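Peer 1: Here it is: the structure, laid out below.
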Amino acid sequence: MRWEEIQGQERAVRLLRSALERGQAHHAYLLAGPEGTGKELLARTFAQAANCEEAEPAARPCGACPNCTFFARGNFPDAAWLMPQSERVARGLLSRSEVEGAPSKEIRVDEIRELSRRLSLAALRGRRKIAALVPAEAMNERAQNTLLKTLEEPPPATTFLLISANPDALLPTIRSRCARVQLGPVPEAAIAARLLREGIRPDEARERAAQAQGSFARALAEQGNRREVIEAVESALAASDERAALEVAEVYGERDDALRTALAVQAWTRDLLVGGELMELRELRPLAEEISQRTAAPALLGQAALCAEVIEALEQNGNGRLQLERLLLASRELRRG
Ligand SMILES: [Zn+2]
8 MRWEEIQGQE
18 RAVRLLRSAL
28 ERGQAHHAYL
38 LAGPEGTGKE
48 LLARTFAQAA
58 NCEEAEPAAR
68 PCGACPNCTF
78 FARGNFPDAA
88 WLMPQSERVA
98 RGLLSRSEVE
108 GAPSKEIRVD
118 EIRELSRRLS
128 LAALRGRRKI
138 AALVPAEAMN
148 ERAQNTLLKT
158 LEEPPPATTF
168 LLISANPDAL
178 LPTIRSRCAR
188 VQLGPVPEAA
198 IAARLLREGI
208 RPDEARERAA
218 QAQGSFARAL
228 AEQGNRREVI
238 EAVESALAAS
248 DERAALEVAE
258 VYGERDDALR
268 TALAVQAWTR
278 DLLVGGELME
288 LRELRPLAEE
298 ISQRTAAPAL
308 LGQAALCAEV
318 IEALEQNGNG
328 RLQLERLLLA
338 SRELRRG
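Heads up, the sequence shown is in the working numbering, so the first residue is 8 and it goes up one at a time.
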């Protein structure tokens, strides 16, 4: 991780970076800003820079020293990332089967107590202990009140990083104990540049960046969704019976979903017709090449025509599930020749 990798948040980077370089890091920061604007990346870079062993402060984090290596592996011992069970399950850090009942969406008071206890001990190998709360508003009121006591008498050489897209949900007393670092929406150009690096065509990247509302997460989730949709559709088209196709139509059958699905299949079919040459999603390129080779052009042309019909029907309020069924079942027939 390097400060330079955090794009579109120059002011926030400058603030945290210069605090560390001057040796004047605050004991608590509230990193506030919309979802998907880089708050957590900023927190991780801060934590690493605060503990990097490079002699020259301006060159931290160096990415090469032992402490930086711990960060790269995600096991630096003096940094705690506290998040609710639901978040750990969503990130694959905790198996769903290890949780009894529904995963908790709260950071609870016993977790804050345990964190405070650990922070009262000496650092194992770092200069500065880091405790990040992701997201801070997941703390219930009791947890916040307990944290408040720690913030009032912070342990030495410790920085709390409260990450929040909804800082107003925090107690005012918590907010007033933190130095606020405000992140704004990411500029479109920075999002487009990121999408280009992901292998997306320039015109498509510009268009999606414009729709991402300043959020990397939104732009990338859209891409993840498209990949998921295409993979589901292709496996349904290749299946031996129609069940998978009907399932896909049901899963994506809500009208807006159905329209997005049909548009994704249309773009994909266009790519298949040119043999994967213009593939917007790098990860799907091998699949595109394989399908282009084993599928006759007339079948793909037929599929493209079907997409256009279905999109038109959906734009005129057609039933999402039925239109997707039509698209998938007819495309299956075309593929089978
Ligand atoms: Zn380093």
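Ideal placement from N, C-alpha and C gives every residue a C-beta, glycine not left out. Note that this is a predicted model, so its numbers are computed, not measured.
#1: Looking at Ala138: is its Cβ nearer than 8 angstroms to the Cβ of Ala87?
#2: Per the contact definition of three or more C-beta pairs closer than 8 angstroms, is the region 148 to 160 in contact with the region 180 to 187?
#3: For Trp88, write down the residues that DSSP places opposite it in a beta bridge.
#4: Answer yes or no: the CB of Arg405 versus the heavy atoms of ligand 1, is any distance below 7 angstroms?
#5: Under 7 angstroms: does the beta carbon of Asn82 sit that close to some heavy atom of ligand 1?
#6: Check whether the Cβ of Asn74 lies closer than 7 angstroms to any heavy atom of ligand 1, and answer yes or no.
#7: From Ser25 to Arg132, what distance separates their C-alpha atoms?
#8: Counting only runs of 3+ residues fully inside the region 116 to 183, write out the beta strand (DSSP E) ranges in chain order.
#9: For Arg80, report the span of its alpha helix (DSSP H) as first-last.
#10: Can you name the start and end residues of the beta strand (DSSP E) that Ala35 belongs to?
#11: Got a sec: does ligand 1 put a non-hydrogen atom nearer than 7 angstroms to the Cβ of Gly70?
#12: Considering only the alpha carbon of each residue, which of Arg135, Arg342 and Leu331 lies closest to Pro162?
#13: Does ligand 1 have even one heavy atom less than 7 angstroms from the beta-carbon of Glu60?
#14: Ends of the beta strand (DSSP E) at Val106?
#15: Would you mind stating whether Ala256 and Glu332 have Cβ atoms separated by less than 8 angstroms?
#16: Counting only runs that start and end within the region 237 to 287, where is the alpha helix (DSSP H) found for 4 or more residues in a row?
#17: Can you name the start and end residues of the alpha helix (DSSP H) that Ala50 belongs to?
#18: I'd like to know if the region 204 to 215 and the region 232 to 248 are in contact, where contact means that at least 3 CB-CB pairs between them fall below 8 angstroms.
#19: Between the beta-carbon of Ala164 and the beta-carbon of Ala130, is there less than 8 angstroms?
#20: Whose C-alpha, out of Gly40, Ser104 and Tyr36, is nearest the C-alpha of Ser222?
#21: So for Ala62, helix, strand or coil by DSSP?
#22: Which class does Ala186 belong to by DSSP, given the choice of helix, strand or coil?
#23: How many whole angstroms separate the CB atoms of Leu334 and Val317, which I take to be in contact at a CB cut-off of 8 angstroms?
Peer 2: In terms of the structure at hand:
#1: Your numbering for residue 138 matches position 131 in the sequence shown. Your numbering for residue 87 matches position 80 in the sequence shown. Cβ distance < 8 angstroms, so Ala138 and Ala87 count as in contact.
#2: yes
#3: If you number the sequence shown from 1, residue 88 lands on position 81. Answer by DSSP bridge pairing, in chain order: Ala139.
#4: Look at the range of the chain in this structure, 8 to 344, and you will see that residue 405 is not part of it.
#5: Along the sequence shown, read from residue 1 onward, the residue named residue 82 stands at position 75. Asn82: no, Cβ never under 7 angstroms from ligand 1.
#6: In the sequence shown, the residue the question calls residue 74 occupies position 67. Asn74: yes, Cβ under 7 angstroms from ligand 1.
#7: The residue labelled residue 25 in the question sits at position 18 within the sequence shown. The residue labelled residue 132 in the question sits at position 125 within the sequence shown. Between Ser25 and Arg132, the C-alpha separation is close to 23 angstroms.
#8: 136 to 140 and 165 to 171
#9: Translated into the one-based positions of the sequence shown, residue 80 becomes position 73. Taken as a continuous stretch (DSSP letters only), the alpha helix (DSSP H) holding Arg80 covers Pro73 to Arg80.
#10: The residue you call residue 35 lines up with position 28 of the sequence shown. Its beta strand (DSSP E) spans residues Ala35 to Ala39.
#11: By one-based count along the sequence shown, residue 70 stands at place 63. Yes.
#12: Sequence index remark: in the sequence shown, residue 162 carries index 155 (1-based). Looking at the Cα atoms, Arg135 is the closest of the given residues.
#13: In the sequence shown, residue 60 corresponds to position 53, counting from 1. Under cutoff, so the answer is yes.
#14: If you number the sequence shown from 1, residue 106 lands on position 99. Element bounds for Val106: n/a, residue is neither H nor E.
#15: Here the question's residue 256 lines up with position 249 in the sequence shown. Here the question's residue 332 lines up with position 325 in the sequence shown. Contact flag set, yes.
#16: 250 to 258 and 262 to 280
#17: Along the sequence shown, read from residue 1 onward, the residue named residue 50 stands at position 43. Residues Lys46 to Asn58.
#18: no
#19: The residue given as residue 164 occupies position 157 in the sequence shown. The residue given as residue 130 occupies position 123 in the sequence shown. Yes. Within cutoff.
#20: As a first step, residue 222 is located in the sequence shown; it is residue number 215 there, counting from the start. Looking at the Cα atoms, Gly40 is the closest of the given residues.
#21: In the sequence shown, the residue the question calls residue 62 occupies position 55. In this structure, Ala62 counts as coil in the three-state DSSP scheme.
#22: Here the question's residue 186 lines up with position 179 in the sequence shown. Ala186: strand per DSSP, three-state reduction.
#23: Indexing the sequence shown from 1 puts residue 334 at position 327. Indexing the sequence shown from 1 puts residue 317 at position 310. That belief holds up - the Cβ atoms of Leu334 and Val317 are roughly 5 angstroms apart, short of 8 angstroms.
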